[in-house]
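Protein chains in written order, with UniProt numbering: chain X, 1 to 327; chain U, 1 to 319.
First comes the structure, then the notes that go with it.
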Amino acid sequence: MAEMMYWEGLRRAHDEEMTRDPLVICMGEDIGVAGGTYKATKDLYEKFGEKRVMDTPISEGGYTGLGIGASFIGIRPIIEIMSVNFAWLAMDQMFNSAAKVRYMSGGQLTAPCVFRSAGGAAHQLGAQHSARMEKVFMGVAGLRVVTPSNPKQAYGMLKSAVRSDDPVFIYEHELMYNMKGEIPDEEYFHPLEGSEVTRSGADVTLFGYNISVHWCLKAAEILEKQHGISAEVVDLYALAPLDRAGIKKSISKTHRAVIAEEDEAPVGVGSEIIAIINEECFFELDAAPVRVHSALVPQPYNHTLEKAAIPDHQDVVNAVLKMFGKA
Amino acid sequence: MTLDDKKRVLREMVLHRRFEERCYQAYIERKIGGFLHLYPGQEACCNGVMEAARPGHDYVITGYRDHVHAIKCGTDPKVVMAELYGKETGCSKGRGGSMHVFDVAHRFMGGYALVGGPFPLAAGIAKGIQMKGGDEISICFLGDAANNQGVFHETLNMAKVWNLPVLFVCENNQYGIGTSIQRSTAVLDQYKRACAYNIEAAQCDGQDIDTVYEYAKTAVDYVRSGKGPYFLELMTYRYRGHSMSDSRGYRSREEEEEWKLRDPINILRDKLIAAGALSMDEFTAIEKATDDYIENDVMKFAEESPEPNVADLEKYVLA
Numbered sequence: 001m002a003e004m005m006y007w008e009g010l011r012r013a014h015d016e017e018m019t020r021d022p023l024v025i026c027m028g029e030d031i032g033v034a035g036g037t038y039k040a041t042k043d044l045y046e047k048f049g050e051k052r053v054m055d056t057p058i059s060e061g062g063y064t065g066l067g068i069g070a071s072f073i074g075i076r077p078i079i080e081i082m083s084v085n086f087a088w089l090a091m092d093q094m095f096n097s098a099a100k101v102r103y104m105s106g107g108q109l110t111a112p113c114v115f116r117s118a119g120g121a122a123h124q125l126g127a128q129h130s131a132r133m134e135k136v137f138m139g140v141a142g143l144r145v146v147t148p149s150n151p152k153q154a155y156g157m158l159k160s161a162v163r164s165d166d167p168v169f170i171y172e173h174e175l176m177y178n179m180k181g182e183i184p185d186e187e188y189f190h191p192l193e194g195s196e197v198t199r200s201g202a203d204v205t206l207f208g209y210n211i212s213v214h215w216c217l218k219a220a221e222i223l224e225k226q227h228g229i230s231a232e233v234v235d236l237y238a239l240a241p242l243d244r245a246g247i248k249k250s251i252s253k254t255h256r257a258v259i260a261e262e263d264e265a266p267v268g269v270g271s272e273i274i275a276i277i278n279e280e281c282f283f284e285l286d287a288a289p290v291r292v293h294s295a296l297v298p299q300p301y302n303h304t305l306e307k308a309a310i311p312d313h314q315d316v317v318n319a320v321l322k323m324f325g326k327a
Numbered sequence: 001m002t003l004d005d006k007k008r009v010l011r012e013m014v015l016h017r018r019f020e021e022r023c024y025q026a027y028i029e030r031k032i033g034g035f036l037h038l039y040p041g042q043e044a045c046c047n048g049v050m051e052a053a054r055p056g057h058d059y060v061i062t063g064y065r066d067h068v069h070a071i072k073c074g075t076d077p078k079v080v081m082a083e084l085y086g087k088e089t090g091c092s093k094g095r096g097g098s099m100h101v102f103d104v105a106h107r108f109m110g111g112y113a114l115v116g117g118p119f120p121l122a123a124g125i126a127k128g129i130q131m132k133g134g135d136e137i138s139i140c141f142l143g144d145a146a147n148n149q150g151v152f153h154e155t156l157n158m159a160k161v162w163n164l165p166v167l168f169v170c171e172n173n174q175y176g177i178g179t180s181i182q183r184s185t186a187v188l189d190q191y192k193r194a195c196a197y198n199i200e201a202a203q204c205d206g207q208d209i210d211t212v213y214e215y216a217k218t219a220v221d222y223v224r225s226g227k228g229p230y231f232l233e234l235m236t237y238r239y240r241g242h243s244m245s246d247s248r249g250y251r252s253r254e255e256e257e258e259w260k261l262r263d264p265i266n267i268l269r270d271k272l273i274a275a276g277a278l279s280m281d282e283f284t285a286i287e288k289a290t291d292d293y294i295e296n297d298v299m300k301f302a303e304e305s306p307e308p309n310v311a312d313l314e315k316y317v318l319a
C-alpha cells in the first residue's frame, strides 16, 4: 500500500492504461505540455507523445465530439473537461452522441470513452467556475456517472472506466486533488456500479458522494461522541445507475435518511434518493428523509457568502439532530 | 468511370430515387412515422463522391437525410426500409428510424439528427484511422446549414491542426429547413469558409455526376495520401421539402422547375444515350425493374417483418 494523492491516483491510472493499450489516449485543454491543471496527466506527454496526449484547442464541444468519434472505431479516449462549468458546451456531444449512439444504432456502435471533469466550489472561484451539475448527468440514459471520494476510488474507477464499453463520466472535485489516501500497490479496479458502507451505524443513514462523504463521516463522529446517535455512512460513488438495493438495505437497518450533496436541491441527487426510498422502503421509515444541499444561488465570490451557500458537516449534524428532535 | 460503371451508377441512382419516392408514399399511408427527410434531386452528390471513394471501406457519417448514403455504402435497402418501418429487422433494430440509420459492418457510421453534430465525430473517426495507420478516410456528408454551427468551426480547426484524414462534403442545397442560405449565411460560397482554417477546398456542380466524380477524386486522393483534411462543396437542390411536414412555401415553383431541368439522373441518362451505351427503352426497363424490386422485395420485407419485443425496451442502453 502506498499513500498517494487523488491526482496521483488518476495519473497512475492514466499511465498504466496507456502503457497497456496503445489505443488509450487522453485529450483536453493544457493536459500535455503544461501537465494538466490538476496534474492528472503530469509527465504523460513526455512519455507517450503528442499523438496520444493531445493538447486540444479551447473548444469543448468540438474536442469532446472528436474523442467520441474516435471511440467509435476502437480508440479509448480519456477526455478531460477542465471544469464542469465548461461541460455545458460538451453536453450536446456527450448526451446526443455518446450516450444515445448504442441505443439508436440497435447495439452496433458504442462510445467507450471516459469523460473526466472537476466540479465543485473551491476557493472564491465565483459563479462560472464553481458548478456541480452532477444531477444533469445522472439523468441521461446511456451514460454512467461515477464520482470518486478518495484516491483509491479515483485510481480504480478511472481504470475500470477505460475498460468499460460504455461512456463513463467521472465527476471529480476541485478541492480533492490533493487529498491523500492508500492505494494498493497491485492493480486495482473499482466497480462502476454499487455503493459502499463507509461507516456502519444503527440509527440513521447519511448518504454522501464525492466530497460530501467526508462531511458525513465527520458528522457521524460528532453525532456519536456528542449526541449518542449512531450514524451509518453510505458512499454513493456511482450516481448512474444508482444502487437502489444498497439504499434500501441501509434504510432497512437504520430507518432514517439524510442525504448530503454539494449541488443545489431542485431535481438533485437528494430528490432522486428520496424518491427511491419512497418507492423501495417507505413503510420502513421512522422519519421523513431530509436533504442537505447548497443554496440556489449562482456561487458568490465573497468568502462569507460563499461559505453560506455551501453546506458542510455541521449542516449534516444539524439535520440529524432536528430529525431526532434534539434541535 | 467507364461506361459500364456509369450504367451501374445510373441503375443505383434510379434505385435511390425510387426508394425515396416510395418512402414518401409509405409515409402518406402512415406506415413510416416520425420525421422523414428525402434525397431526390441530390443523388449525384453521394454517388459521385462514393464512386471516387471506397464504399464499405471508407467511413461515412452524415445527418438525418441518410437513407441513400447508407445504401451506397452497401446497406441492404430492405433493412433500411425495415428501419423506417421501425421493425426489429431494421438496420438499427427499429430503435433509430429514418434519421438514425446505422450499418457499422459497411462502415456507415450513422445518420444524426442534430445539425452539425457529425462534424467532430467524423474528425474523431479520422483521428482513430490516423492512430491505427489504415488507408481508410473519414467522409462527412452534411448540408450547407450545418456550417453555421459552432462545431463546424471547432472541427475544421482541429482537423487542420492534427492533419486528420477527413473529407467534408457539403451538399449545398441552398436551404436550412425552410430558410434560404441567402437569408441565413454571411458567406454564400461554403468552400470559402474552409480557407479560414487553411484547409484545401473546392466547389463544383453537384448535379452532373461526372463533375462530382472528378472533383471528389481529387479530394479523396488528397486526403488518402495523408495531406490532411479537404472540404468539397457540391451545388445541388432537394426537390421535396426539408421533411414531410414542409409544404415548401418559402420558395417558388419556378425555382424548383428550373433545378429539375438539371436533374442528376436525366443528365447521366442522356449522356449514356448520346454515347450509344443506353437506349430509352433500356432505361424504362431499369425503372420498371427497380420498382418491381422495391415492391416485391423491399416493401414486402418491411411489411412482413416483426415488431421489436417490448421486453427488449431497455436493451442497448448500456453495454
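Don't be surprised by glycine CBs; every beta carbon is placed ideally from N, CA and C.
Just so we're clear, the structure is a prediction, and the values are computed from it rather than from any experiment.
- Assignment of Met235(U) by DSSP, reduced to helix, strand and coil, places it in the strand class.
- Counting C-beta pairs with one atom in each stretch, the stretch 12-19 of chain X and the stretch 151-166 of chain X have three or more that are closer than 8 Å, which means they touch.
- Taking 8 Å as the CB threshold, Lys248(X) stays off the interface with chain U.
- In this structure, Val146(X) places its C-beta atom within 8 Å of the C-beta atom of Ala238(X).
- A distance below 8 Å between beta-carbons, with the five flanking residues on each side excluded, links Ile267(U) to the following residues of its chain, in chain order: Ala44, Gln207, Asp208, Ile209.
- Boundaries of the alpha helix (DSSP H) harbouring Phe301(U): 300-304, taken from the DSSP string.
- Residue burial annotation: Phe283(X) is exposed, with fewer than 16 other C-beta atoms found within 10 angstroms of its C-beta.
- When DSSP states are grouped into helix, strand and coil, Asn172(U) belongs to the strand group.
- Beyond the five residues adjoining it in sequence on each side, Asn147(U) comes within less than 8 Å, by CB distance, of Gly116, Cys170, Thr185, Gln190, Arg193 in the same chain, given in chain order.
- Identification of residues in the stretch 56-87 of chain X having a C-beta nearer than 9 Å to some C-beta of chain U yields Thr56, Pro57, Ser59, Glu60, Gly61, Gly62, Tyr63, Thr64, Gly65, Leu66, Gly67, Ile68, Gly69, Ala70, Ser71, Phe72, Ile73, Gly74, Ile75, Pro77, given in sequence order.
- Taking the Cα of Tyr64(U) as reference, the smallest distance to any Cα among Met109(U), Val104(U), Pro55(U), Lys31(U) is reached at Met109(U).
- Within chain X, the C-beta atoms nearer than 8 Å to that of Val161(U) come from Pro57, in chain order.
- Residue burial is scored here from C-beta neighbours: Asp185(X) has fewer than 16 other C-beta atoms within 10 angstroms and is therefore classed as exposed.
- Residue environment for Ala327(X): exposed (fewer than 16 other C-beta atoms within 10 angstroms of its C-beta).
- The residues Gly120, Asn210, Ile211, in chain order, have a CB closer than 6 Å to that of His173(X) in the same chain once the five nearest residues on each side in sequence are set aside.
- For the C-beta of Phe102(U), the chain X residues within less than 9 Å are, from N- to C-terminus, Val101, Met104, Ser105, Gly106, Gln108, Leu109.
- Take the alpha-carbon of Val213(X) and the one of Ser164(X): they are about 25 Å apart.
- Per DSSP, the beta-bridge partners of Lys180(X) are Met5(X).
- Classified as buried, Pro77(U) has 16 or more neighbouring CB atoms from the shown chains inside 10 Å of its CB.
- Of all residues in the stretch 138-154 of chain X, the ones placed with a Cβ closer than 8 Å to any Cβ belonging to chain U are Ala141, Gly142, Arg144, in chain order.
- Taking a C-beta cut-off of 9 Å against chain U, the contacting residues of the stretch 11-23 of chain X are Pro22, Leu23, listed in chain order.
- By the Cβ neighbour-count rule, Gln182(U) is exposed, with fewer than 16 other Cβ atoms within 10 Å of its own.
- Any Cβ of chain X closer than 8 Å to the Cβ of Met109(U) would place that residue at the interface, and such an atom is present.
- Residues of chain X whose Cβ lies closer than 9 Å to the Cβ of Arg95(U) are, in chain order, Tyr103, Met104, Ser105, Gly106, Gly107.
- Runs of the alpha helix (DSSP H) spanning 4 or more residues and lying entirely within the stretch 32-117 of chain X occur at 44-48, 60-72, 87-91, 99-104, in chain order.
- Under a criterion of Cβ atoms nearer than 7 Å, no residue of chain X is adjacent to Ala82(U); the nearest Cβ is some 11 Å distant.
- In this structure, DSSP gives His37(U) a state outside helix and strand, which the three-state scheme calls coil.
- If only uninterrupted beta strand (DSSP E) runs of at least 3 residues are considered, those enclosed by the stretch 190-241 of chain U are 200-205, 230-235.
- Residue nearest to Ala40(X) within the set Met4(X), Cys113(X), Asp203(X) is Met4(X) (criterion: CA-CA distance).
- Looking at the DSSP output, Leu167(U) bridges to Ile139(U), Tyr230(U).
- Boundaries of the beta strand (DSSP E) around Phe108(U): 108-111.
- DSSP places Ser252(U) in no alpha helix (DSSP H); its state is neither H nor E.
- Contact of Met158(U) with chain X is assigned, a C-beta pair being separated by under 8 Å.
- Given a length threshold of 4 residues, each whole run of the alpha helix (DSSP H) inside the stretch 257-296 of chain X is given here in chain order: 269-281.
- Residue-level contact by beta carbon fails for Asp312(X) and chain U, as no gap is shorter than 8 Å.
- One thing to note: Gly86(U) has its Cβ no nearer than 8 Å to the Cβ of His100(U).
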